[in-house]
Amino acid sequence: MVKRFIQIGLILTIAALFSTPPVQAQPESYNHPELKWYTIETPHFFIHFHNGTKRTAFAIAKIAENVYGPVTKLYRHKPDGKVHFIVRDTDDYSNGAAYYYENKIEIWATPMDFDL
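First residue of the sequence shown? That's 147 in this note's numbering, and the numbers climb one at a time after it.
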């Protein structure tokens, strides 16, 4: 009897796992064709940004170059090639992520191009 319950439970668990569709919290594949993208190149970075985030992108470029020397000296490591920053404002929140295996940093930033 117990063996039968275990078998039924296992079958139901497997069925539940294979019957649910995959879910993503943030689909990164969503394309925004309305955005025009630009790139700033500095000695150590590429900063990719779209219309409306220019001021943030230039601030990132300045700060990143200022800290590049001290950080690479502290860790005794320089990245292979230039690091890519991606600045975007396509959502109603700020967030970010660093991908060490791609030399990429992604920042969701609210544009600072407005008068206070």
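For each residue, glycine too, the CB sits at the ideal point set by N, CA and C.
Using a 10 Å radius around the Cβ and a threshold of 16 neighbouring Cβ atoms, would you call residue i buried or exposed?
i           : result
residue 243 : exposed
residue 281 : With the chain represented from 147 up to 262, any question about residue 281 goes unanswered, as that position is not in the structure.
residue 276 : Because the chain spans 147 through 262 in this model, residue 276 falls outside it and cannot be assessed.
residue 195 : buried
Out of the options, which one is the CA nearest neighbour of residue i?
i           : options            : result
residue 251 : 212, 220, 191, 218 : 191
residue 264 : 256, 207, 177      : Lying before the first or after the last residue shown, residue 264 is absent from the chain, which here runs from 147 to 262.
residue 210 : 179, 193, 245      : 193
residue 233 : 247, 182, 220      : 182
residue 201 : 214, 235, 228      : 235
residue 184 : 158, 203, 222      : 203
residue 226 : 197, 246, 157      : 246
residue 228 : 150, 186, 221      : 186
Alpha carbon to alpha carbon, how far is residue i from residue j?
i           : j           : result
residue 253 : residue 160 : 38 angstroms
residue 199 : residue 256 : 8 angstroms
residue 248 : residue 241 : 18 angstroms
residue 180 : residue 213 : 33 angstroms
residue 171 : residue 147 : Residue placement at residue 171 is poorly supported in this model, since its pLDDT is 49, which falls under 50; the coordinates are not used for a value here.
List the DSSP bridge partners of residue i.
i           : result
residue 241 : 254
Output the boundary residues of the beta strand (DSSP E) element that contains residue i.
i           : result
residue 184 : 183-187
residue 234 : 229-234
residue 196 : 191-196
At which residues does the alpha helix (DSSP H) containing residue i begin and terminate?
i           : result
residue 201 : 200-221
Do residue i and the ligand COA come close, with the Cβ less than 7 angstroms from some heavy atom?
i           : result
residue 245 : Because no ligand of any kind appears in the structure shown, any question about the ligand COA cannot be addressed here.
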